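Okay, structure first, notes after.
Residue numbers (my numbering): 5 to 103.
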């Protein structure tokens, strides 16, 4: 699959990786909170969700770099398109909590 050079492949990977990463990060935070290791007290509203979403979006750099090494320009375009859409959604959804 990494050898394909098409926008839909990059778009699919660019959408899937942040979704999976966000789900895993939230699961990890919930397990740590249930174990009493971490707490939400003292943080601004939606801090955990905002930070997890940014980390998940940034994980798109991994396939972007892999596609760049293989000179798969169209796949890179798909990943960048997904990343830009996620960033726009992040700003729209979480913008009111940071300003």
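Even for Gly, the Cβ is constructed at its ideal location relative to N, Cα and C.
These numbers come from a predicted model, not from an experiment.
Same chain, Cβ closer than 7 angstroms to residue 88, five either side skipped, listed in chain order: none
Touching by the beta-carbon criterion (3+ pairs, under 8 angstroms), the stretch 68 to 75 and the stretch 37 to 51: no
Rounded straight-line distance, which links the Cα of residue 64 to that of residue 103: 26 angstroms
Rounded C-alpha distance that separates residue 92 from residue 13: 21 angstroms
Proximity winner among 79, 75, 60, 78, relative to residue 94 (alpha-carbon distances): 60
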